[in-house]
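Just add 35 to wherever you are in the sequence shown, counting from 1, and you've got my numbering.
Beta carbons: idealized from backbone N, C-alpha and C, even for Gly.
Taking it in order: structure first as structure tokens, then the write-up.
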Amino acid sequence: MECFVTLVPFFDERPDYRDFLEEKLKEVFALPVKWHAPLKLPEGSFDAVRGQYRASVLLATACACRSEEGEIVLGITDHDFYEGDLNFVFGLATSLYRCAVISTARLSNTFYDFPPDHALYLRRIVTEAVHEIGHTLGLEHCPDPHCVMHFSNSLADTDRKGYRFCPICRKRVDAALSICR
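Written out as structure tokens, the structure reads:
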């Protein structure tokens, strides 16, 4: 079975991180990375009271793009989103459909009125993308604070862990992807 990652943008303009993200995902997962045509934000996904989008609605829309058994789908938006009673989430995933979504909104220093740091922003995007793809492969949160699969409750957590798997999680990723090779 051929496995690959499809990135589904919920925006029209080509993001400046496109090539960087594609390169890093190929490096981490050793899989081809493709881009889907941009999608509009789904109707009913915006909560006007909260001023945020509901992550599960975007997740369902991204999952609908999955067309092949070995495909892993990652939706990406630059809009802030939340799920359930949480104030926000960086991402959301399902291993059942091997699909996930991430929001880049809170990954930028400018969201918090701090000076921009483009290199840090790029690293955070990759970290969250790898983390959510890890969930699509069946990985749970890891107790190792330096593993990409460690739970991020804040940007400090995301910055500490980076985008690499610990040895235990790396073995789990390799086992999950062994059907691809």
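Item checked: Contacts around ASP82, its chain only, beta-carbon distance under 8 Å, and the 5 residues preceding and following it disregarded -> TYR88, ARG89 and TYR117
Notebook entry, point to check: When the Cα atoms are used, what is the spatial distance from ALA24 to SER143?
Noted result: No answer is possible for residue 24: it lies beyond the span of the chain, which begins at 36 and ends at 216.
Checklist line | VAL108 versus ARG199 - alpha carbon distance | finding: 20 Å
Note to self: Using only CA atoms, which one of PHE146, ILE203, PRO50 and LEU66 lies nearest to THR41?
What the structure shows: LEU66
Check: Touch check for the region 171-182 and the region 118-127: three-plus C-beta pairs under 8 Å?
Finding: no
Notebook entry, point to check: Quick one: what's got a C-beta closer than 6 Å to GLU167's C-beta in the same chain, skipping five residues either side?
Noted result: GLY126, ALA128, ALA135 and ILE137
Check: Looking at the unbroken alpha helix (DSSP H) that takes in LYS61, where does it start and where does it end?
Finding: 53-64
Notebook entry, point to check: Would you say the region 181-196 touches the region 72-86, given that touching needs at least three Cβ pairs under 8 Å?
Noted result: no
Check: LEU93 and SER102: beta carbons closer than 9 Å?
Finding: no
Check: Roughly how many whole angstroms lie between the Cα atoms of ARG159 and LEU74?
Finding: 23 Å
Note to self: Out of SER91, GLU106 and GLU62, which one is the CA nearest neighbour of CYS38?
What the structure shows: GLU106
Check: Can you tell me where the beta strand (DSSP E) with GLY110 in it begins and where it stops?
Finding: 106-112
Notebook entry, point to check: Just reading off the beta strand (DSSP E) that SER138 is part of, what are its end residues?
Noted result: 134-138
Next item on the list: Consult DSSP for LEU190 and reduce its assignment to one of helix, strand or coil.
Entry: helix
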